[in-house]
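This report concerns only the one structure given below.
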Amino acid sequence: MRCRSVLEFYLTDYPGSVYGADKSAVARKMVENNAILCLLNGQDDGSNPVGNKIMGQPLYQNEIQVEGHPWYMNQEYEHRDATFEEILHLVHDNGIGVDGTNGTPGAAPAYQAEIRAAQQQALSNHLWGIGQQEWIDELTAENSLSQEYLASVVDSYYGLWGAWTESTTHGMWGIYVGKTRADVATDDPLGYALMENKFFHPYFTYNARIDANLEGNFSLKFDPSKPYTHHSRYLKDITLLGSNDNTVTVNELDNDITGNTGTNSVIFSGISTEYTITTNDGITTVSDQVAHRDGINTLRNIEKAQFTDKVIDLQNIK
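Okay, structure coming up:
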């Protein structure tokens, strides 16, 4: 389910963007090129024989994190989330397209030209591929440089390396100068330009299904004490699964939050008088009157709204 959501996210139109306003041509090209995502048991540790038997883009069980699961909440890099990287490879290789020897022509050659230019600049200036010359030689031979470079940019842009403790400055196991979105903007401007209004959305467009075993709070707002929020800060819409009594902390992205069968509360940043609360047909809208803070939130099956001064029972809102 999560893998499908990530693929849909990559292929969801981004109105007004340079190359992503209509991604139907990219999706069609993937079909023409017989793009296949193979979900495999185990892990990609070099000893798994399954990976040598498939024709398609592999993604292994032990490198998929689901929002709300302990691997996600604790940001365990032993089970590092490779979902975004591997599905990006699927879209890049088969849809966007790759120039050069052994490349596959795609639906967005102009975008690939920008990706290639950024990759070449990053490699020449030691922004990416740091200390990995043997690997770089392998990628060069198979014409995979631009794909692996873009994966590093995308991972850092969406916060997947923010919680990694082995470097305070680098992402993607230390081979890329950008650890966070802000770092990419400062340290790799051409890479950052690939992400700004070109093809990729600034936030996740899919509705994240939160693991049913989660107990406690799931925060969409960045909190340095919660490692996973480096990543969850870019989520917009979520659905709580199961029956546990959970809380959700909103961010500024106009969240759409659906509760589970338990008693759920949504946490806001200000006092109750700074918000407008309305309910229509069982759907509650909580609008922050303070700009650039909590936005406009759509709540379904949510029992309580928690403000800094009090908790409001939403079942009493008419």
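Its first residue numbered 1155, the sequence shown is counted upward by one per residue in this note's numbering. All residues carry an ideal CB built from backbone N, CA and C; glycine is no exception.
Beta-carbon proximity list for residue i, same chain, < 7 Å, skipping 5 on both sides
{"i": "Ser-1441", "result": "Tyr-1429, Thr-1430, Ile-1450"}
{"i": "Ala-1305", "result": "Glu-1239, Leu-1242, His-1243"}
{"i": "Glu-1162", "result": "Tyr-1360"}
Span of the beta strand (DSSP E) around residue i
{"i": "Asp-1467", "result": "1465-1467"}
{"i": "Arg-1454", "result": "1450-1454"}
{"i": "Thr-1439", "result": "1437-1442"}
{"i": "Pro-1212", "result": "1211-1214"}
{"i": "Ile-1411", "result": "1410-1412"}
{"i": "Asp-1391", "result": "1391-1394"}
{"i": "Gln-1219", "result": "Careful: Gln-1219 lies outside any beta strand (DSSP E) and carries neither H nor E."}
Own chain residues within Cβ distance below 8 Å of residue i, not counting five before or after
{"i": "His-1446", "result": "Glu-1406"}
{"i": "Ala-1175", "result": "Asp-1167, Tyr-1168, Pro-1169"}
Start-to-end residues for the alpha helix (DSSP H) that takes in residue i
{"i": "Tyr-1226", "result": "1224-1227"}
{"i": "Gly-1363", "result": "The displayed chain sequence assigns Arg, not Gly, to residue 1363. It is not in any alpha helix (DSSP H) - Arg-1363 instead sits in the beta strand (DSSP E) that spans 1361-1364."}
{"i": "Leu-1374", "result": "Where Leu-1374 is concerned, there is no enclosing alpha helix (DSSP H), given that its DSSP letter is neither H nor E."}
Contact under 8 Å by Cβ, residue i with residue j
{"i": "Trp-1289", "j": "Tyr-1303", "result": "no"}
{"i": "Gln-1266", "j": "Leu-1244", "result": "no"}
{"i": "Asn-1455", "j": "Gly-1396", "result": "no"}
{"i": "Asp-1342", "j": "Phe-1238", "result": "no"}
{"i": "Gly-1313", "j": "Arg-1387", "result": "yes"}
{"i": "His-1180", "j": "Ala-1264", "result": "Going by the sequence as given, residue 1180 is Val instead of His. It is not a contact, given that the beta carbons lie outside the stated cut-off."}
{"i": "Asp-1235", "j": "Ile-1218", "result": "yes"}
{"i": "Phe-1461", "j": "Phe-1422", "result": "yes"}
{"i": "His-1384", "j": "Ala-1317", "result": "yes"}
{"i": "Asn-1434", "j": "Thr-1393", "result": "no"}
{"i": "Lys-1352", "j": "Val-1220", "result": "no"}
{"i": "Phe-1372", "j": "Asn-1398", "result": "no"}
{"i": "Asn-1297", "j": "Gly-1332", "result": "no"}
Cβ distance (whole Å) where residue i is taken to contact residue j below 8 Å
{"i": "Lys-1183", "j": "Asn-1248", "result": "7 Å"}
{"i": "Lys-1458", "j": "Asp-1467", "result": "6 Å"}
Contacts around residue i, its chain only, beta-carbon distance under 6 Å, and the 5 residues preceding and following it disregarded
{"i": "Tyr-1382", "result": "Tyr-1226, Met-1227, Gln-1229"}
{"i": "Val-1465", "result": "Lys-1458"}
query: Can at least three beta-carbon pairs, one atom from the segment 1219-1231 and one from the segment 1365-1375, be found at a separation below 8 Å?
result: yes
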